[in-house]
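Colleague: Quick note: the sequence shown uses numbering that gives the first Met the number 0, first residue 0, plus one each step.
Each residue gets a CB set at the ideal place from its N, CA and C atoms; glycine is no exception.
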Amino acid sequence: MAEPHSPDAGKDGNVVWIRLNLPYFRTAPGMVKLVQLLLGIICMACASPALLSGTHWFLFVAVLSFIATLIWVFIYLLSIKEALTLPINWLLTEVLNTAIIAILYFVAFIVQLTVWSKVVGSPKGPNIAAGVFGIFNTIAYGFGTYLLYAEWKASSTSSS
């Protein structure tokens with residue numbers, strides 16, 4: 000009989016469904032998620048502290064997208080999608096989430112660059128860099144949306 004704390008515990012244990020899914024991060028969508036996290040960290044680091052109101056919006060979007068992407072990384076890392084039998088269309092949910100974040104990042108980097116392009120002084124450099132990395136993260140989220148949409152479209156046509 001398996002111990003309750005062992006990785007292969009049965010109905011009495013809580014960890015039977017947790018399986019690390021590291022191979023996912025060798026796929027294109029997995030690598031894109033890791034790039035999004037890395038660029039998000041760079042955006043947050045460059046834009047902090049928020050000295051202008053546009054940077055507050057930029058940091059809000061950067062932190063929100065970082066947290067959402069981190070949640071999706073854990074969903075894939077721990078194989079939560081496969082373990083839960085909830086009536087959730089996971090792929091469509093992720094497509095919508097990623098598309099909304101791409102749009103928010105698009106607006107945020109425009110606001111960040113517009114606000115800081117008028118400023119003369121020393122904190123301008125890191126904040127312009129934050130806006131440029133925001134462009135890169137917008138592209139990453141846009142590409143992630145494309146990959147997820149293609150996967151969703153393929154899965155919806157094959158199930159029809």
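1) How long is the line joining the alpha carbons of M30 and F24, rounded to whole angstroms?
2) I think F57 touches A107, with their Cβ atoms under 8 Å apart; what is that distance to the nearest whole Å?
3) Along the alpha helix (DSSP H) that carries F59, what are the first and last residues, could you check?
4) Excluding five sequence neighbours on each side, which residues of the same chain lie with their C-beta closer than 8 Å to the C-beta of F73?
5) Whole angstroms are fine: how far does the CA of T156 sit from the CA of V94?
Modeller: To lay it out plainly:
1) When rounded, the separation of the alpha-carbon atoms in M30 and F24 is 5 Å.
2) Contact holds; Cβ gap of about 5 Å.
3) Run containing F59: 52-76, per the alpha helix (DSSP H) assignment.
4) For F73, where only same-chain residues beyond five positions count, the Cβ hits under 8 Å are I79.
5) Straight-line Cα distance between these residues: approximately 16 Å.
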